[in-house]
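Q: Quick one: the structure is below, and I'll ask about it shortly.
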Amino acid sequence: MRRARMQVMNPCCVPGTDHASIATEAKVVAMLRERGIAKSSLSREEFLSYAWEWKEKYGGIILQQLRKMGCSLDWERTSFTMDPDYYETVIKVFIDLYKKGKIYRGKRMINWDVKAKTALSDEEVIHKEVNGKMYHIRYKLDLPGEEYITIATVRPETIFGDTAICVHPKDPRYTHLVGKHAFVPMINRRIPIIADDYIEIEFGTGALKVTPAHDINDFQLGQKHGLEVIDTMNDDGTMNDAAPMYIGKDRIEVRKIIAADLEVAGNLVKIEDYVNQVGFSERTDAIVEPRLSLQWWVDMKQLAEPALEKVMSDEIHFHPAKFKNVYRHWMENIKDWCISRQLWWGHRIPAWYDKEGNVYVEASLEKVYTTYPETVGKELYQDADCLDTWFSSWLWPIEVFKGMSNPNNAEINYYYPTSTLVTAPEIIFFWVARMIMAGEEYMGKIPVKDVYFTGIVRDKQGRKMSKSLGNSPDLLGLIDQYGADAVRFGIMIASPAGNDLLFDESTLEQGRNFNSKLWNATKLLKMWEPRQSKEGAIPEDAAFAMDWFQAKLSATQIEVGEMLKTFRLSEALKTIYGLIWDDYCSWYLEWIKPGFEQPIHATVFEKSIEFYDALLQLLHPFMPFITEEIHHTLKTQTEDLCVKELVPFEKVDEAVLHAGLLLKNVISTLRDARNKNQIKPKDAIDLHIQSDNNAAYQRIQNILAKQINAKTIAYTNAAIGSSIVVALEKDKFYLVADQAIDTVSLKENLLKDLAHQKGFLESVEKKLANEKFVQNAKPEVIVIEQKKKADALARIQTIEESLAQL
RNA sequence: GGGAGCAUAGCUCAGUUGGUUUAGAGCAUCUCGUUUACACCGAGAGGGUCCGCGGUUCGAGCCCGUGUGCUCCCA
43 MRRARMQVMN
53 PCCVPGTDHA
63 SIATEAKVVA
73 MLRERGIAKS
83 SLSREEFLSY
93 AWEWKEKYGG
103 IILQQLRKMG
113 CSLDWERTSF
123 TMDPDYYETV
133 IKVFIDLYKK
143 GKIYRGKRMI
153 NWDVKAKTAL
163 SDEEVIHKEV
173 NGKMYHIRYK
183 LDLPGEEYIT
193 IATVRPETIF
203 GDTAICVHPK
213 DPRYTHLVGK
223 HAFVPMINRR
233 IPIIADDYIE
243 IEFGTGALKV
253 TPAHDINDFQ
263 LGQKHGLEVI
273 DTMNDDGTMN
283 DAAPMYIGKD
293 RIEVRKIIAA
303 DLEVAGNLVK
313 IEDYVNQVGF
323 SERTDAIVEP
333 RLSLQWWVDM
343 KQLAEPALEK
353 VMSDEIHFHP
363 AKFKNVYRHW
373 MENIKDWCIS
383 RQLWWGHRIP
393 AWYDKEGNVY
403 VEASLEKVYT
413 TYPETVGKEL
423 YQDADCLDTW
433 FSSWLWPIEV
443 FKGMSNPNNA
453 EINYYYPTST
463 LVTAPEIIFF
473 WVARMIMAGE
483 EYMGKIPVKD
493 VYFTGIVRDK
503 QGRKMSKSLG
513 NSPDLLGLID
523 QYGADAVRFG
533 IMIASPAGND
543 LLFDESTLEQ
553 GRNFNSKLWN
563 ATKLLKMWEP
573 RQSKEGAIPE
583 DAAFAMDWFQ
593 AKLSATQIEV
603 GEMLKTFRLS
613 EALKTIYGLI
623 WDDYCSWYLE
633 WIKPGFEQPI
643 HATVFEKSIE
653 FYDALLQLLH
663 PFMPFITEEI
673 HHTLKTQTED
683 LCVKELVPFE
693 KVDEAVLHAG
703 LLLKNVISTL
713 RDARNKNQIK
723 PKDAIDLHIQ
733 SDNNAAYQRI
743 QNILAKQINA
753 KTIAYTNAAI
763 GSSIVVALEK
773 DKFYLVADQA
783 IDTVSLKENL
793 LKDLAHQKGF
803 LESVEKKLAN
813 EKFVQNAKPE
823 VIVIEQKKKA
833 DALARIQTIE
843 ESLAQL
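This is how it looks when you write it as structure tokens:
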């Protein structure tokens, strides 16, 4: 947003929230419970007024946090999925899809949350491994004598819903029993023994109890074989009258006590430990029960086709692209979408029923009477359920611009399709896929061109941070502690595109330190401000420093531009961080720093301010507050940084860039030599340079002298006795100090370097001697290899000469 | 059971059509240092059989196969 604005685009980002029906309703129910109010004691209207109260109180927190974080959004456009226009649109879409035959009502096996008493979509169920028990239970056969068939189950309480026992048709243990009958233990209901190759012979006893009402696979098996469906559970997970001895007891409770009763009845064979996958509700953590229920569904097949194509053809770009695979797999195996939720908080399903069970879909009761004249005079009641939250969110990019409630308005025509969606990979299916479907269905166009997937923030234990788990860091507290810019820095520097990030406060600390660095650089510049002098020419070394930094700045600006275009945000920030801290502060400012109480040339000063301002602008999208503040501290500005146009980048002078790199190398190498020879920082040395290009060093010798604390710099054609010899590229440096030289370690270093260079030379020579390489490699690659060889040879010569002089 | 992804320095990760000097950064570690922006600092250093094995290629961290370990999604 901020960068686009500085590039004089017209960015718009609509902040807003969805109504999070299940999570919110759960929170409201909990709030009411604390006040001693049961949801069941309230009317729908009363409950909703409490829900709105809750929403008003907490719904805006995330928006407040975004503001505090410095997110530059269009706050006047703030939207909510239950705003009046939005609500109407959701209802309109439901009716439209119903009339197109894409929404239907069907009895299906669903995931039932017994705590929230609602259906869950598959995506809202979390599967965990649980240590359970495998119960082996024998059923008496309806044959003369005391013969039994033994089944294995992890859910013994469901036996009351059994309507068959199934075996594999080729299982020799049971073939003689197929077509016979057995009795369900304790209630002695007679059920058939059937055969189906769905059964795994190896698993359990090879005989499966079939409970169509409580297991998705059993349900399908039941349909295939025309079995009766016996539901044994109430909607709160307690047993109903199908299990006469346990009526009203929770199914988990019954699982614990039934073993003893089976034992007494003589049906229990054995109990084994068993690890299996159990589904839990994402919202309430209750064990999810498969349950047969009448729900509303969206037929997804047709909607999915164009939505898949748009992503696979890259009309919509995913960043990183690896999520295309995930998307494709889901879209190619798409299942119908259960959109009804047994909740009050949300968009109420616009369906009315008469006593005969006929369904009438319309926006209001009045409209039902108009559209369906046969209903006039009949008593109708509305479906009590609400729609899945995502059934409203999927219209977001359209309806925030009122694209459906006010079709073809100027804003929707201007902003749609939108450019970039920033979201989490975990909701590719919940949201992204469905938004694309809605976009195609209702706008005939894709909703967005680029989708950037952020990593998921995890806590130190690697757990996903979530609103419902409550393990998110206290953002406002962190901002108080480190500052908003530092928090932004810390999060962004640790967020490689598409990878999760483990939240660690050390990066926030790094961000805070960076803030200090920025202020200190500002302080230094402000110190120089009154000490400017316009006299004389610009010192040669300062001129070099300015040329070099200009080149470095331009090169980095281009680099960062490329990174941001491809959403590599953390890399861009790292690059800018290095440019400011290392290149500007550690190198450039030191190079132009005037001597003790000396003036600074006014041109140099102004250029340095200009550079710093350019750096701040580059950094601004990442750290908006401090950059804006320093921008105005540096000098009187005509405009704010956040709206200042990003200047076109200057052409990069590669030669000066390289010269700067060489200078940095020389300085580092000589400093290292000083360190290794234990020359104290305060002790000045005399430097003698042996090079065939003295002019290159003369231009920068003041910088060099300052940076390595040399009191003199001289040029020589021959070795200097009793000095520390350092070889770099083709040049040699002799350091003369007032103390003994440690020739042993000096020699060691040179030998180490020599060995490395020789090894390198060998590998290059081997490559060049390889005929196939010379024949097949690209010419420019060969040129590079030849240069490598020449450089290595020159370095080896320099090192060997230095060694000879020791 | 089906699918996808990941494995590079102690940690978190870069490494963009295979060739930019036998791999880079930040943090952490070690050494030296309080020189007039900054100890939330400066200067420097050490640290890697790029998960194992096999293959393609003149050339592999990058491509292919395979094994192992981990993560996620869907049953």
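My numbering numbers the first residue of the first sequence as 43 and each following residue consecutively. Glycine is no exception: its CB is placed at the ideal position from the N, C-alpha and C atoms. None of these values were measured; they are calculated from a predicted model.
Starting from D728, trace the beta strand (DSSP E) in both directions and tell me its first and last residue.
A: Within the first sequence, the letter at position 686 stands for residue 728. Start and end: I727 to Q732.
Q: Please say whether K649 and D625 have beta carbons closer to each other than 8 angstroms?
A: Within the first sequence, residue 625 is the residue found at index 583, counting from 1. Within the first sequence, residue 649 is the residue found at index 607, counting from 1. In this structure, K649 does not lie closer than 8 angstroms to D625 by Cβ.
Q: From the DSSP output, in three-state form, read off R890 for me.
A: The structure shown does not extend to residue 890, since the chain is modelled only from 43 through 848, so no value can be given for it.
Q: Could you tell me the alpha carbon to alpha carbon distance between K298 and A426, rounded to whole angstroms?
A: Counting from 1 along the first sequence, the entry for residue 298 is found at position 256. Counting from 1 along the first sequence, the entry for residue 426 is found at position 384. In a straight line, the C-alpha of K298 is about 35 angstroms away from that of A426.
Q: Where do the ends of the beta strand (DSSP E) carrying N153 lie?
A: Start at 1 with the first residue of the first sequence, and residue 153 comes out as number 111. Residues I145 to D155.
Q: Verify whether the separation of the beta carbon atoms of V778 and S765 is less than 8 angstroms.
A: For the purposes of this step, residue 778 is taken as the residue at position 736 of the first sequence. For the purposes of this step, residue 765 is taken as the residue at position 723 of the first sequence. Closer than 8 angstroms, so yes.
Q: So is L746 buried or exposed if we call it buried at 16+ other beta carbons inside 10 Å?
A: As a working note, residue 746 is residue 704 in the first sequence. Counting Cβ neighbours within 10 Å, L746 comes out buried, since at least 16 surround it.
Q: Whose C-alpha, out of D341, M373, P362 and L567, is nearest the C-alpha of Y630?
A: In the first sequence, counting from the first residue as 1, residue 630 sits at position 588. If we check each option's Cα against that of Y630, L567 comes out closest.
Q: Does the stretch 755-765 come within contact of the stretch 721-741, defined as at least 3 CB pairs closer than 8 angstroms?
A: yes
Q: Along the alpha helix (DSSP H) that carries P666, what are the first and last residues, could you check?
A: Indexing the first sequence from 1 puts residue 666 at position 624. Counting along the chain, the alpha helix (DSSP H) containing P666 begins and ends at P666 to L676.
Q: Is it buried or exposed, S85, if we count other Cβ atoms within 10 angstroms and call 16 or more buried?
A: Along the first sequence, one-based indexing puts residue 85 at 43. Label assigned to S85: exposed.
Q: Run the CB neighbour count on P663, radius 10 Å, all protein chains shown included, and call it buried at 16 or more, exposed below.
A: Translated into positions along the first sequence, residue 663 becomes position 621. P663 is buried by the Cβ-count criterion.
Q: Leaving out five residues before and five after Q424 in sequence, what residues of the same chain have Cβ atoms less than 6 angstroms from its Cβ?
A: If you number the first sequence from 1, residue 424 lands on position 382. W394, listed in sequence order.
Q: Could you give the first and the last residue of the continuous alpha helix (DSSP H) run that contains D138?
A: Taking the first sequence and counting its residues from 1, the one referred to as residue 138 is at position 96. Start and end: P126 to K141.
Q: Please report the Cβ distance between K251 and I168, rounded to the nearest whole angstrom; I am assuming they are in contact, meaning their Cβ atoms lie under 8 angstroms.
A: By 1-based counting over the first sequence, the position of residue 251 is 209. By 1-based counting over the first sequence, the position of residue 168 is 126. So it is not a contact: roughly 26 angstroms between Cβ atoms.
Q: Can you list the alpha helix (DSSP H) stretches of 4 or more residues lying completely in the stretch 733-795, in chain order?
A: Counting only runs of 4 or more, we get 736-740 and 743-750.
Q: State the DSSP-derived secondary structure class of P362, mapped to helix, strand or coil.
A: Sequence index remark: in the first sequence, residue 362 carries index 320 (1-based). DSSP places P362 in coil when its eight states are reduced to three.
Q: Write down every uninterrupted run of the alpha helix (DSSP H) in the stretch 360-420 whose length is 4 residues or greater and which is fully enclosed by it, in chain order.
A: 365-374 and 407-413
Q: Express the C-alpha separation of W372 and I521 in angstroms, rounding to a whole number.
A: Along the first sequence, one-based indexing puts residue 521 at 479. Along the first sequence, one-based indexing puts residue 372 at 330. If you take the alpha carbons of I521 and W372, they lie about 39 angstroms apart.
Q: Take I618 as the anchor and find which of L658, E790, K141 and I642 has the nearest alpha-carbon.
A: In the first sequence, counting from the first residue as 1, residue 618 sits at position 576. Minimum Cα distance to I618 is reached at L658.
Q: Which same chain residues, not among the five before or five after R180, have their C-beta less than 6 angstroms away from its C-beta?
A: Locating residue 180 in the first sequence gives position 138, counting from the first residue. Y190, T192, N309 and V311.
Q: Any idea which residues DSSP pairs D292 with across the strands?
A: Position 250 of the first sequence holds residue 292. Paired residue(s): T280.
Q: Taking C-beta to C-beta, are K794 and I838 nearer than 8 angstroms?
A: Along the first sequence, read from residue 1 onward, the residue named residue 794 stands at position 752. Along the first sequence, read from residue 1 onward, the residue named residue 838 stands at position 796. Not closer than 8 angstroms, so no.
Q: Answer with buried or exposed for I852, where buried requires no fewer than 16 other C-beta atoms within 10 angstroms of its C-beta.
A: Shown here, the chain extends from 43 to 848; a query on residue 852 therefore has no answer.
Q: For T860, tell me which candidate among L543, Q523, T460 and V296 has the shortest Cα-Cα distance.
A: In the structure displayed, the chain extends from 43 to 848; residue 860 sits before or after that span and is not available.
Q: Taking a contact to mean a Cβ-Cβ separation below 8 angstroms, would you say G248 touches I258 in this structure?
A: As a working mapping, residue 248 is identified with position 206 in the first sequence. As a working mapping, residue 258 is identified with position 216 in the first sequence. Not a contact, by the Cβ cut-off of 8 angstroms.
Q: Just the Cα atoms here: how many angstroms apart are K182 and F202?
A: Translated into the one-based positions of the first sequence, residue 182 becomes position 140. Translated into the one-based positions of the first sequence, residue 202 becomes position 160. Between K182 and F202, the C-alpha separation is close to 15 angstroms.
Q: Measure the alpha-carbon distance for N448 versus A644 and round it to whole angstroms.
A: The sequence position of residue 448 within the first sequence is 406, counting from 1. The sequence position of residue 644 within the first sequence is 602, counting from 1. Roughly 60 angstroms between the two C-alpha positions.
Q: Distance, Cα to Cα, G388 vs D125?
A: On the first sequence, position 346 is the one that residue 388 refers to. On the first sequence, position 83 is the one that residue 125 refers to. Each residue's alpha carbon lies about 11 angstroms from the other.
Q: In this structure, how does DSSP classify C684 when only helix, strand and coil are distinguished?
A: For the purposes of this step, residue 684 is taken as the residue at position 642 of the first sequence. Taken through DSSP and simplified to helix, strand or coil, C684 comes out as helix.
Q: Measure the C-alpha to C-alpha separation of F58 and F122 and round it to an integer number of angstroms.
A: For this step, residue 58 is matched to residue 16 along the first sequence. For this step, residue 122 is matched to residue 80 along the first sequence. As written in the sequence, residue 58 is Gly, which differs from the Phe given in the question. One Cα belongs to G58, the other to F122, and the distance between them is close to 6 angstroms.
Q: Are the CB atoms of A301 and P227 within a distance shorter than 8 angstroms?
A: The count along the first sequence starts at 1 and reaches residue 227 at position 185. The count along the first sequence starts at 1 and reaches residue 301 at position 259. No, these two residues do not count as a Cβ contact at 8 angstroms.
Q: How many whole angstroms separate the CB atoms of A255 and D273, which I take to be in contact at a CB cut-off of 8 angstroms?
A: Your numbering for residue 255 matches position 213 in the first sequence. Your numbering for residue 273 matches position 231 in the first sequence. Contact between A255 and D273 holds: their C-beta atoms lie close to 4 angstroms from each other, under 8 angstroms.
Q: Can you tell me which residues form a DSSP beta bridge with R232?
A: The residue given as residue 232 occupies position 190 in the first sequence. Note: R232 sits in a beta bridge opposite F225.
Q: Can you tell me which of the three DSSP states E639 falls into?
A: Reading the first sequence from its first residue, position 597 is the one you call residue 639. Looking at E639 - three-state DSSP - the assignment turns out to be coil, as it is neither helix nor strand.
Q: In terms of DSSP beta bridges, what is G58 paired with?
A: Position 16 of the first sequence, counting from 1, holds the residue named residue 58. Answer by DSSP bridge pairing, in chain order: S121.
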